[in-house]
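Asker:
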Amino acid sequence: MRGGHVCSVVSSLVLLWLGVAAAQKASSWKTLSGNAPAIIAKGGFSGIFPDSSEFAYQFALIASSPDTILYCDVRLTKDGLGICLPDIKMDNCTNIPDFYQQGRKSYLVNGVSTAGWFSVDYNGTELGQVSLKQSIFSRSPRFDPSFFPILAVEDIASKFKPPGMWLNVQHDSFYSQFNLSMSNYILSVSKRVIVDYISSPEVSFLTKVSGKLSNNTKLVFRFLDETTIEPSTKQTYGSMLKNLTFVKTFASGIIVPKNYIWPVSPDNYLEPHTSVVDDAHKAGLEIYAADFANDFMFSYNHSYDPLAEYLSFIDNGCFTNLKKTRTDHGKPLIISHNGASGDYPACTDLAYQKAVDDGADVIDCPVRLTKDGIPICMSSINLMDDTTVAKSQFASQTAVIKDIESVLGVFTFNLTWDDIVKNLRPKISTPFSSFKLDRNPRYRNAGNFMRLSDFLDFTKDKDLSGIMISVEHAAFVAEELGFDMVDSVIKTLDAAGYSNQTAQKVMIQSSNSSVLVKFKQQTKYDLVYMINEEVKDAAPSSLAAIKKFADAVSVEGNSIFPENRHFTTYQTNLVESLQNAGLPVYVYTLMNEFASQPYDFFSDATAQINAYVQGAGVNGVITDFPATARRYKLNTCMHMGNNTPSFMAPARPGDLLQIISKPAQPPAMSPMPLLTGSDVAEPPLPPARPAQAPSLASRMQAHAAIVVTLAMLLACHPLRFVSSSCMEKSVKCK
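Taken in order, the sequence shown gives residues -23 to -1, 1 to 711; the numbers are from mature numbering (1 follows the signal peptide of the UniProt record, and there is no 0).
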């Protein structure tokens, strides 16, 4: 954003890379003081461990910048003890209902009747047996049985000796109902503990303590939702934002939800940034941004990349101001997966252009054949996956082809190229729709389909080190459809001039050794063998077999870092074995969505890439989001010699799993298999079926007609109340 930048970010997860940014000795920070933004760990590293727990605070100081500030939401007990809890209600963040089953009460909180368990009903001793637990249901509860006691404010200072402490105070009037004074407690504890920041969304509380604390303690006014009413002034927080000179009379800074700075539209896209940062600086107020978390929903503009969101709030560090060179095609090689398919529908002109713009070294085309034998780029042979065929006139052609997959589909070979391009639209992939993590919905059906020839025309003048063409189901297509996929691809490449150029490398990828053997016999292209099963290592026999026909190997991420209930367990020997055999290794398929990553990577795609590149040593990454990989590749953090921040150390597989208490450990995994020579070996590709033999397409059409007839008859079954559907199908029900 232009103008001033926030002084700080309050986060529960992406402390790792922000710590890198804060560690840089920049002279041009646009904060009020000119210093690097402060990193405030809300409840510690609460994206992994229970908020305000010992592990959360401890890990925040280990994993982030050494000057990370620990943040505590202060609550009062019946005997006036200040404790750290993320919510005024203890129900979700502790196991208190297990100990005090009859303890549920209803109280007025800011005038609203609120039911639950409250700290004011218990003294410190009574809460001694209560432990903290994960309060965000999408996060792992496996650390809860470790028994994390509720910590007092003094415990934070004595146990962790943080470089800075931030106390957040809310609901002052609520505690006064029980003859408890939050202001007296804060004044008292600040004499025993060094408190660097005190924040509150209540004007009356801050005015009560203003002038009574150390000059080194900063008072920060916390803005809540713009429509919420501040309890003492009876004004909305939105209206108070217009009178920051008033705020300056009792506070030295403000903390605002991040959407005060970067608002989003109702459909979750960024709108122009506001002037709130500049307004705060003009009033002499520091400004802090809050509500960041890697595993929460944020604007689609950031493509589920939490570091991209953070970098829109800060203006310096080793992940910013990167040279946009497009000539560095070295390690790690960035290979697109169906283009930039995380941002646009897969294998469309928009996805490919975005991949090029985002710095992919290699863009890919998974080749499928149409009914009329035209090779096209399509992410799946089943058009139900990434097109609108289900809503088209071709939906009646659905069938199950067990040789391909066991679900109903309409396949590329059912339709001609004209059928596809004139009647269907692309459909963006949504691999994590169950988490409601949609991809770029404004462009859900945008872009144009591309033939292989279109793809090759597109790539010719682009700054790419190469292209990758994937070929699957070649034996099925030859036997059942009468097309030779290898021959079709070679002829299309020849026609586009790729057999006579050296500017761009041509890579052919397949999970079938028979396909690559045939390409090796007829071309000099680079061949990539895809291991499409999870294996722990490659036996010498498999390495010898692969070396006969392949130049590189692509492997699943789980074959490098096996996962057990979303925790990595260990690092296999697969990458080392393949590389020792002279085979570069590419890992697939990396995605930005937090649901795609094990907890060890902190719901951060950049940490995941770092683990594969720095930890496992892969030669390249195959990704839906090339922009994230390119920024990682260009970052300057890894080129600082002895000053390389510790945060750049890759996550060690199995570390988080080891600290889960034994009763909460997930069941042991079955041993992963070894890739053997027999797994790799295949018979030669069969020749294409003679033209006069009955085609699969014709057999499928007859089968589809029978299926439709049966479905219509079933719809009229007398035991079912579906007479309206019979009428719609113009079928006479008897």
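Yeah, the Cβ is synthetic: ideal placement off N, Cα and C, and Gly gets one too. Everything numeric in this text was worked out from a predicted model, so none of it was measured.
1. Check the DSSP bridge columns for residue 314 and list the partner residues they point to.
2. Give every residue of the same chain whose Cβ lies closer than 6 Å to the Cβ of residue 128, excluding the five residues on either side of it in the sequence, and list them in chain order.
3. Quick check: the Cα distance between residue 124 and residue 542, rounded to an integer number of angstroms?
4. By how many angstroms is the C-alpha of residue 209 removed from the C-alpha of residue 181?
5. Which residues in the same chain as residue 106 place their Cβ atom closer than 8 Å to its Cβ, once the five residues preceding and following it in sequence are excluded?
6. If contacts are defined as beta-carbon pairs under 8 Å, then residue 390 and residue 573 qualify, I think. What distance do you get, rounded to the angstrom?
7. Which of helix, strand or coil does DSSP assign to residue 486?
8. With a floor of 3 residues, list each beta strand (DSSP E) that falls wholly inside the stretch 128 to 154, ordered by position along the chain.
9. Whole angstroms are fine: how far does the CA of residue 636 sit from the CA of residue 481?
10. Would residue 495 and residue 463 qualify as a contact pair, given that the criterion is a beta-carbon distance under 8 Å?
11. Note down, one range per segment and in chain order, each alpha helix (DSSP H) of at least 4 residues found wholly within the stretch 172 to 248.
12. When DSSP labels each residue in this structure, what does residue 538 get in the three-state scheme?
13. For residue 160, I'd like the list of residues in its chain whose CB is within less than 8 Å of its CB, leaving aside the five on either flank, ordered along the chain.
14. What are the start and end residues of the alpha helix (DSSP H) that includes residue 467?
15. Following the continuous alpha helix (DSSP H) through residue 553, name the residue where it begins and the one where it ends.
16. Sorted by chain position, which residues of the same chain lie with C-beta nearer than 8 Å to residue 3's C-beta, five sequence neighbours on each side aside?
17. Do residue 146 and residue 175 have their CB atoms nearer than 8 Å?
18. What is the rounded straight-line gap between the Cα of residue 571 and the Cα of residue 559?
19. Looking at residue 598 and residue 567, is the spacing between their C-beta atoms short of 8 Å?
20. Between which residues of its own chain and residue 397 is the CB-CB distance below 8 Å, once the five residues before and five after are set aside?
21. Determine, using beta-carbon pairs with one atom in the stretch 438 to 445 and one in the stretch 332 to 352, whether at least three such pairs fall under 8 Å.
22. What does a CB cutoff of less than 6 Å around residue 712 pick up in its chain, not counting 5 residues either side in sequence?
23. What are the residues that DSSP puts in a beta bridge with residue 82?
24. Could you check whether the stretch 162 to 176 touches the stretch 190 to 209, counting it as contact only if at least three pairs of C-beta atoms, one from each stretch, sit closer than 8 Å?
25. Buried or exposed: which applies to residue 20, given that a residue is buried once 16 or more other Cβ atoms fall within 10 Å of its Cβ?
26. When we look at the beta-carbon of residue 548 and count the other beta-carbons within 10 Å, is it buried (16 or more) or exposed?
27. Do residue 661 and residue 456 have their C-beta atoms closer together than 8 Å?
28. Looking only at C-alpha atoms, which of 79, 622, 263 and 202 sits nearest to residue 9?
29. With distances taken from CA atoms, which of 95, 138, 143 and 144 is nearest residue 152?
30. On the DSSP bridge list, what partners appear for residue 713?
31. Using DSSP with H/G/I as helix, E/B as strand and the rest coil, what is residue 388?
32. Does the Cβ of residue -21 have 16 or more other Cβ atoms within 10 Å, making it buried, or fewer, making it exposed?
33. Taking 8 Å as the limit between beta carbons, can you name the residues of its chain near residue 213, skipping five residues before and five after?
34. Going by the beta-carbon positions, is the gap between residue 137 and residue 48 smaller than 8 Å?
35. Can you name, in chain order, every residue of its own chain whose Cβ lies under 6 Å from the Cβ of residue 486, other than the five neighbours on each side?
36. Taking the alpha-carbon positions, what's the residue 249 to residue 625 distance?
Answerer: With the given structure in hand:
1. 317
2. 61
3. 21 Å
4. A straight line joining the alpha-carbon of residue 181 with that of residue 209 spans about 6 Å.
5. 76, listed in sequence order.
6. Between residue 390 and residue 573 the beta-carbon gap is near 30 Å, outside 8 Å, which marks them as no contact.
7. strand
8. 141 to 146
9. Between residue 481 and residue 636, the C-alpha separation is close to 48 Å.
10. yes
11. 180 to 186, 214 to 217 and 221 to 224
12. coil
13. 149, 182, 185 and 186
14. 462 to 472
15. Its alpha helix (DSSP H) spans residues 551 to 557.
16. Because the pLDDT at residue 3 is just 48, under 50, the model does not fix this residue reliably, and the point stays unresolved.
17. yes
18. 33 Å
19. yes
20. 347, 353, 360, 364, 389 and 426
21. yes
22. The structure shown does not extend to residue 712, since the chain is modelled only from -23 through 711, so no value can be given for it.
23. Per DSSP, the beta bridge partners of residue 82 are 93.
24. yes
25. buried
26. buried
27. no
28. 263
29. 95
30. Since the first residue of the chain shown is -23 and the last is 711, residue 713 is not available in this structure.
31. strand
32. Note that residue -21 scores a pLDDT of 46, beneath 50, so its modelled location is shaky; the value from the coordinates is reported in the next line. The residue is exposed, with fewer than 16 neighbouring Cβ atoms inside 10 Å.
33. If the five residues before and after residue 213 are omitted, its C-beta is found closer than 8 Å to the C-beta atoms of 203, 204, 205, 206 and 207, all from its own chain and listed in chain order.
34. no
35. Within the same chain, 445, 447, 505 and 507 come within 6 Å of residue 486 by CB-CB distance, once the 5 residues on both sides are set aside.
36. 33 Å
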